[in-house]
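Colleague: Here's a structure for you.
There are 4 protein chains.
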Amino acid sequence: MSETRNVSYSFLGPAGTFTEAALAQVPEARGKAWRAVNNVGEALADVVSGRSVAAMIAIENSVDGGVSATQDALASVPNLRIIGEYLVPVNFVLVARPGTTLADVRVVNAHPVAYAQCRSWLEATLPHHGHIPASSNVTAASSLLDGDQADAAIAPPGIDKRYNLAVLATGIGDNPNAVTRFVLVSRRAAVPARTGADKTSVIVELPEDRPGSLLDMLEQFATRGVNLSLIQSRPIGDAMGRYRFVIDADGHIQDERVADALLGLRRFSPKVLFLGSYPRADKRPIEFTSHYDDDVFIGARAWLKDLIGDDPSGT
Amino acid sequence: MSETRNVSYSFLGPAGTFTEAALAQVPEARGKAWRAVNNVGEALADVVSGRSVAAMIAIENSVDGGVSATQDALASVPNLRIIGEYLVPVNFVLVARPGTTLADVRVVNAHPVAYAQCRSWLEATLPHHGHIPASSNVTAASSLLDGDQADAAIAPPGIDKRYNLAVLATGIGDNPNAVTRFVLVSRRAAVPARTGADKTSVIVELPEDRPGSLLDMLEQFATRGVNLSLIQSRPIGDAMGRYRFVIDADGHIQDERVADALLGLRRFSPKVLFLGSYPRADKRPIEFTSHYDDDVFIGARAWLKDLIGDDPSGT
Amino acid sequence: MSETRNVSYSFLGPAGTFTEAALAQVPEARGKAWRAVNNVGEALADVVSGRSVAAMIAIENSVDGGVSATQDALASVPNLRIIGEYLVPVNFVLVARPGTTLADVRVVNAHPVAYAQCRSWLEATLPHHGHIPASSNVTAASSLLDGDQADAAIAPPGIDKRYNLAVLATGIGDNPNAVTRFVLVSRRAAVPARTGADKTSVIVELPEDRPGSLLDMLEQFATRGVNLSLIQSRPIGDAMGRYRFVIDADGHIQDERVADALLGLRRFSPKVLFLGSYPRADKRPIEFTSHYDDDVFIGARAWLKDLIGDDPSGT
Amino acid sequence: MSETRNVSYSFLGPAGTFTEAALAQVPEARGKAWRAVNNVGEALADVVSGRSVAAMIAIENSVDGGVSATQDALASVPNLRIIGEYLVPVNFVLVARPGTTLADVRVVNAHPVAYAQCRSWLEATLPHHGHIPASSNVTAASSLLDGDQADAAIAPPGIDKRYNLAVLATGIGDNPNAVTRFVLVSRRAAVPARTGADKTSVIVELPEDRPGSLLDMLEQFATRGVNLSLIQSRPIGDAMGRYRFVIDADGHIQDERVADALLGLRRFSPKVLFLGSYPRADKRPIEFTSHYDDDVFIGARAWLKDLIGDDPSGT
């Protein structure tokens, strides 16, 4: 029983956030304790300390881009591993205290990312509104009930089931296909088994002393036929103009071509952080040309071993 | 005289922000009207409408990275031009209502970027604090006087000269060399003259139908000896996995190698947005090997013209 | 009438060689004087001096490779231009003085290239033969009649119509599809008109001071979508390990992508020799992706010109 | 004793050739039988059959380039290995029957490569001479005594000690630094030990179905920091435009970076023929940046193994 008590999952709360919706997609998390935390740092600290077995954190939004706080936290907290990827469609409603009408709305409370994603609708519908930033989409809504200065809030659909709020408008996101990508992060552990529809995430620093080193880095993938689905620069932070790159590559570390690309990266870069290989949320099998099949790599190694191992008494 | 009335400059207010400090570096702006606006969109709208001749906006922070809102706004508002670059050292103080002590601080109001840059100090000094996000560094401080829930705020040095606030701690930024990069944006106009220490900014979309297209794009610069000081991906927003790249290249559009790289980009990419060529803030002359000197480009063109123009009556 | 007397064409003789067969494919050469010369140097000297309007010379054989003497001569004699390309199927017969039988043959006279192309047949049929090298395929045959040491000669089909020789065997070439590629060379003149099925030949030296410079050179073509049909290294001759490259590229100097690749080459290389753009012998239209169409290049230039030409009084 | 009788070395004869001078540089060949053969095919056949333990063959000349016959023979005869490299300075004298003067010379007998290397001197000194090709430099000279049609011959210095001939001119080669590179070829056997100043030779075919495949092939070397000292195309022979590449790379198959490049080549190419790793004739240690040191490769493999081997019970 004590075992079970330890098995909790952390997520950016409060209840009702998109992050919670992502966690709801994890079969292993069902029936376990879910810890709502306030930020990515807390979520990862829970994992590092063993308070939670894993944490669900947002890593990229199809409209707003990479979540810098997550990317930077993953780059700085050692011994973490991404073990799963989850997609949550993102849409928004405008809510207000009961009795408020659209015409009454002058100030809107919203998490900055949510605000950015509804900007067109807001500019068209409420051209003179002001904005108060909130720390989460749910907080934006709930603080309306605390009597804050805002007249309305941008919140996830369904918020009105949890709080006594009226929905003024639905589907106010500028992009109806918006989606947020979440990753489930645990302490360093066995890499999840290869499924054929996998993704490998790394964070790579470029060597300082070589011009064209980004090109050289990308060639480590290209010469092994490994496609990249994400490449994002983040400042290392010590000086303007020095970057690390957050990279998602198609395939699994147990795929020969990915393993070989990682070897190339490691030789090339002063710092490569392996964040994990894990099944893709979209379960789409990785496509690659047969030149880069495992067999080709294994055959080449056997060929080389045979050449090096030649001895004079042989054929 | 009516002319002079129109010459105003917009910046992200209120007075006292780092953006205002950047604008103070612009000789042409001295003695002109300065308009404090609430966000990047407003600043650029002022420029587009002609309300202001130019707007100062933050584009990158050495610790926090690219300013997404700025990058996305520049990608979507047509006919803008970056005409100057300015660097402002970034440091922070913790301020509170007079009488408050460090030991009293439970909730800190701060702009998210400022908050991120002081995280280590906060976690060490105030391990149990909460965070309320503000829309600007100055607003964070000034709202303390409006009696908001926060006990303290992160603000720029000198804030206590403007508001009746006590400084609880100085130099609380995690990186003493932190700097923010600002750009001055005008309507499309003549490109500023080449100084030899210039930067050229573009936003480039990758063609969809070619794998390895990021590599191909970077080669457009590499084969002309043009170094990049910034490359940052931003989602195009129509689907997960589709990116545009914000790029700062060394040199000026009137440098032959830069012009030729732009030609290559334009042929390669379905969409290239030229944001401008302008003097670098650090005034450091561009270094490049003599293989890529203007003379080499001009000589090659003369050679080619001579070859194509051959006629049978010639020698 | 004096004009007509000057219009002669040089070729590697004597009459009956494959080179003469190549010249027979040139409509302009019909009814003109044909000068049989002894080597490539003489042929080019005829062109340089004006003794002939053009010379037909072998440049590559599908079995034996590039003709070094031709490649080196083109690299060293200035102001020449390739104006046409011709293919001649290459096959061989074994001839002897009348009365000789295969069983009598101990020594075979043959031009070294012809000898190399018949080696398998010779080794199977005449395992103990010796070889005397000849300066041309026809000379090999004709010298049999001068009573030289050889018992048989390798010669082009049809040789027995010209000389009193018996054919001992036909079709003795090892590769029934063997073909030799010839080029027609004139003094520097107008580039032949673009046909859409053209080839451009250059000789390029690599810069000494850059490792990986062959890769860089090839990228000048690759980044413009220009395919290469031939790349052959030849020693520059001043030191072991220093090479120039003989290159045939798909397309015509008046194709924008080819012209731009030539510009790139010229900027990159200490020495680029343009040998000409001319219709391909096989008349196969050049294939290239629409990214590299002339329109794309022209559009990009117009775009750049517009950007550079911005002036403050404009929109 | 029977053992010793078998230990012979083959070389392109007759005695006095540059090939014999190369063989004289091989310590192991001293005091053993030397077999003079007529061509490269015979030399390699001796090795394959076991008649000789090794054969010395010319592979490249600093003026005339790669020796096609050698390159093609190495590509087609299986189970051979290059085990050593030797350089022989190449210079020439003009010899004639005693009593002949320079003014008498009308026809010159010379091996075509030797003839090519003396062309400038001949054209300046004997502008109206004719040329008879010989099968070796020594044969050219010796056949003068057989009363052939030639008046003089191009031969290696020292020929007058062996034959009753008069030297008409010395140092007639156009390039005083001309050198020929020879390789010693044995049957497949243990690779010679790594010396730090080694060369690795391979013959590589390009995949047919990929444009830009030469570029891709070169990147296999470039991404591992392996420099090439020779790259030469040879027709595969089945169709015009299909080539294999003869490549000399700096380093030894037991160098990690070279082994990894060979793996990359083998995965990429439909056919890679490893010709051997052997000490360079010039004994110049290979230079490469420390990024490509063995330790870097070994360290990267250990890192990868550790990542893949993670198990849940671990740290």
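Chains as they are written, first to last, in the numbering used here: chain A, 36 to 350; chain B, 36 to 350; chain C, 36 to 350; chain D, 36 to 350.
Cβ atoms here follow ideal geometry from the backbone N, Cα and C, with glycine treated the same way.
So which residues of chain B does A:GLU120 contact, with C-beta pairs closer than 7 Å?
Modeller: Here residue 120 of chain A refers to the residue found at position 85 of the first sequence. Within chain B, no residue comes near A:GLU120; the closest Cβ sits about 11 Å away, beyond 7 Å.
Colleague: Taking C-alpha atoms, which residue in A:ALA93, A:GLN267 and A:GLU63 lies nearest to A:ASN73?
Modeller: Along the first sequence, one-based indexing puts residue 73 of chain A at 38. If we check each option's Cα against that of A:ASN73, A:ALA93 comes out closest.
Colleague: Report the CB separation of D:PRO270 from D:GLY51 in whole angstroms; it is logged as a contact under 8 Å.
Modeller: Along the fourth sequence, read from residue 1 onward, the residue named residue 270 of chain D stands at position 235. Along the fourth sequence, read from residue 1 onward, the residue named residue 51 of chain D stands at position 16. The pair is not a contact, with the Cβ atoms about 33 Å apart (cut-off 8 Å).
Colleague: How big is the Cα-Cα spacing for B:ALA149 and B:THR135?
Modeller: The residue labelled residue 149 of chain B in the question sits at position 114 within the second sequence. The residue labelled residue 135 of chain B in the question sits at position 100 within the second sequence. If you draw a straight line from the Cα of B:ALA149 to the Cα of B:THR135, it is about 21 Å long.
Colleague: Going by the CB atoms, is the gap between D:ALA110 and D:VAL75 shorter than 9 Å?
Modeller: Here the question's residue 75 of chain D lines up with position 40 in the fourth sequence. Here the question's residue 110 of chain D lines up with position 75 in the fourth sequence. It is not a contact, given that the beta carbons lie outside the stated cut-off.
Colleague: Take the Cβ of A:GLY182 as the centre, count every other Cβ of all protein chains shown within 10 Å, and call the residue buried at 16 or more, exposed below.
Modeller: Here residue 182 of chain A corresponds to residue number 147 of the first sequence, with the count starting at 1. A:GLY182 is classed as exposed because its beta carbon has fewer than 16 other beta carbons within 10 Å across all chains shown.
Colleague: Could I get the ranges of all uninterrupted alpha helix (DSSP H) runs contained in the region 165-220 of chain B, with 4 residues as the minimum, in chain order?
Modeller: 172-177 and 194-197
Colleague: Compare the C-beta of D:ARG197 with all C-beta atoms of chain A and state if any pair is closer than 9 Å.
Modeller: For the purposes of this step, residue 197 of chain D is taken as residue 162 along the fourth sequence, with counting starting at 1. Answer no: the Cβ-Cβ gap between D:ARG197 and chain A never drops below 9 Å.
Colleague: Rank A:ARG277, A:ASP295, A:ALA228 and A:LEU253 by C-alpha distance to the C-alpha of A:VAL331 and give the top, closest one.
Modeller: Taking the first residue of the first sequence as position 1, residue 331 of chain A is located at position 296. Comparing alpha-carbon positions, the option among A:ARG277, A:ASP295, A:ALA228 and A:LEU253 lying closest to A:VAL331 turns out to be A:ASP295.
Colleague: Any Cβ of chain D within less than 9 Å of the Cβ of A:GLY286?
Modeller: By 1-based counting over the first sequence, the position of residue 286 of chain A is 251. Taking Cβ atoms only, chain D never reaches closer than 9 Å to A:GLY286, which makes this a no.
Colleague: Taking the beta carbon of D:ASP273 as the centre, do at least 16 other beta carbons fall within 10 Å, making it buried, or is it exposed?
Modeller: Numbered from its first residue, the fourth sequence carries residue 273 of chain D at position 238. The residue is exposed, with fewer than 16 neighbouring Cβ atoms inside 10 Å.
Colleague: Skipping 5 residues on each side, what residues in its chain have a beta carbon closer than 6 Å to that of A:LEU47?
Modeller: As a first step, residue 47 of chain A is located in the first sequence; it is residue number 12 there, counting from the start. THR54, listed in sequence order.
Colleague: Using 8 Å as the cut-off, can you tell me whether the region 279-292 of chain C makes contact with the region 278-287 of chain D, which would need three or more C-beta pairs spanning the two stretches below that distance?
Modeller: Touching, no.
Colleague: Name, please, each residue of chain C whose Cβ falls closer than 8 Å to the Cβ of D:GLN267.
Modeller: For the purposes of this step, residue 267 of chain D is identified with residue 232 of the fourth sequence, where counting begins at 1. Here the neighbours are GLN267 and SER268.
Colleague: For A:THR215, I'd like the list of residues in its chain whose CB is within less than 6 Å of its CB, leaving aside the five on either flank, ordered along the chain.
Modeller: Taking the first sequence and counting its residues from 1, the one referred to as residue 215 of chain A is at position 180. If we look at A:THR215 and ignore the five residues flanking it on each side, its Cβ neighbours are PHE53, ALA93, ASN96, VAL123 and VAL125.
Colleague: Please report the straight-line C-alpha distance between C:GLY206 and D:LYS196, rounded to a whole angstrom.
Modeller: By one-based count along the third sequence, residue 206 of chain C stands at place 171. By one-based count along the fourth sequence, residue 196 of chain D stands at place 161. Roughly 45 Å separates the two Cα atoms.
Colleague: So with CB distances below 8 Å, who are the chain B contacts of A:PRO168?
Modeller: Translated into the one-based positions of the first sequence, residue 168 of chain A becomes position 133. In chain order: PRO147, PRO168, ALA169 and SER170.
Colleague: Decide if B:PRO177 is buried, meaning its Cβ has at least 16 other Cβ atoms within 10 Å, or exposed.
Modeller: By 1-based counting over the second sequence, the position of residue 177 of chain B is 142. Correcting the residue type first, residue 177 of chain B is Ser in the shown sequence and not Pro. Classification for B:SER177: buried.
Colleague: In the DSSP output, what is B:VAL143 paired with across the bridge?
Modeller: Here residue 143 of chain B corresponds to residue number 108 of the second sequence, with the count starting at 1. In the DSSP output, where bridge partners are listed per residue, B:VAL143 has B:HIS166 and B:ALA187.
Colleague: Around the Cβ of A:SER84, are there at least 16 other Cβ atoms within 10 angstroms (buried) or fewer (exposed)?
Modeller: Working through the first sequence from its first residue, we reach residue 84 of chain A at position 49. Counting Cβ neighbours within 10 Å, A:SER84 comes out exposed, since fewer than 16 surround it.
Colleague: Quick one: which unbroken beta strand (DSSP E) runs of 3-plus residues sit fully inside the region 75-145 of chain B? Chain order, please.
Modeller: 89-96, 115-124, 128-131 and 142-145
Colleague: What residues in the region 201-235 of chain B have a beta carbon less than 7 Å from any beta carbon of chain C?
Modeller: ARG223, ALA224, ALA225 and VAL226
Colleague: Could you give the DSSP three-state label for A:ARG223: helix, strand or coil?
Modeller: To locate residue 223 of chain A, count along the first sequence from 1; it is residue 188. A:ARG223: coil per DSSP, three-state reduction.
Colleague: Kindly identify the DSSP beta-bridge partner or partners of B:LEU157.
Modeller: On the second sequence, residue 157 of chain B is found 122 positions in, with the first residue counted as 1. Answer is none; B:LEU157 lacks a bridge partner.
Colleague: Name the chain C residues that come within less than 9 Å of B:GLY299, Cβ to Cβ?
Modeller: For the purposes of this step, residue 299 of chain B is taken as the residue at position 264 of the second sequence. Within chain C, the residues near B:GLY299 are THR258, ARG259, ASP295 and ALA335.
Colleague: Taking the alpha-carbon positions, what's the C:SER43 to C:GLN60 distance?
Modeller: On the third sequence, position 8 is the one that residue 43 of chain C refers to. On the third sequence, position 25 is the one that residue 60 of chain C refers to. Roughly 15 Å between the two C-alpha positions.
Colleague: Of all the beta strand (DSSP E) runs that stay within the bounds of the region 43-70 of chain A, which reach a length of 3 or more residues?
Modeller: 43-47
Colleague: So, does the CB of B:LEU115 fall closer than 9 Å to a CB anywhere in chain A?
Modeller: As a position in the second sequence, residue 115 of chain B is number 80, starting the count at 1. B:LEU115 does not count as touching chain A.
Colleague: Any chance you could list the beta strand (DSSP E) runs of at least 3 consecutive residues sitting entirely within the region 271-311 of chain A, in chain order?
Modeller: You should have 278-285.
Colleague: Rounded to the nearest angstrom, what separates B:ALA228 and B:TYR313 at their Cα positions?
Modeller: Stepping through the second sequence from its first residue, residue 228 of chain B is reached at position 193. Stepping through the second sequence from its first residue, residue 313 of chain B is reached at position 278. Approximately 8 Å between the Cα atoms of the pair.
Colleague: Starting from B:VAL331, trace the alpha helix (DSSP H) both ways and give me its first and last residue.
Modeller: Here residue 331 of chain B corresponds to residue number 296 of the second sequence, with the count starting at 1. Looking at the DSSP string, the run of the alpha helix (DSSP H) that includes B:VAL331 is 329-343.
Colleague: Please report the Cβ distance between C:ILE117 and C:VAL220, rounded to the nearest whole angstrom; I am assuming they are in contact, meaning their Cβ atoms lie under 8 Å.
Modeller: Residue numbering aside, residue 117 of chain C sits at position 82 when the third sequence is read from its first letter. Residue numbering aside, residue 220 of chain C sits at position 185 when the third sequence is read from its first letter. Contact holds; Cβ gap of about 6 Å.
Colleague: Please decide whether B:SER45 counts as near chain A, where near means a Cβ-Cβ distance under 9 Å.
Modeller: Indexing the second sequence from 1 puts residue 45 of chain B at position 10. Output row for B:SER45: interface = no.
Colleague: Counting only Cβ pairs nearer than 8 Å, list the residues of chain B close to C:ILE343.
Modeller: Reading the third sequence from its first residue, position 308 is the one you call residue 343 of chain C. Near C:ILE343 (Cβ distances below 8 Å), the residues of chain B are VAL226, ILE288, GLN289 and ALA294.
Colleague: Measure the C-alpha to C-alpha separation of B:THR160 and B:ASN172 and round it to an integer number of angstroms.
Modeller: Taking the first residue of the second sequence as 1, we reach residue 160 of chain B at position 125. Taking the first residue of the second sequence as 1, we reach residue 172 of chain B at position 137. Using only the alpha carbons, I get a separation of about 20 Å.
Colleague: If we cut at 9 Å on Cβ distances, does A:MET91 have a partner in chain B?
Modeller: Along the first sequence, read from residue 1 onward, the residue named residue 91 of chain A stands at position 56. Taking Cβ atoms only, chain B never reaches closer than 9 Å to A:MET91, which makes this a no.
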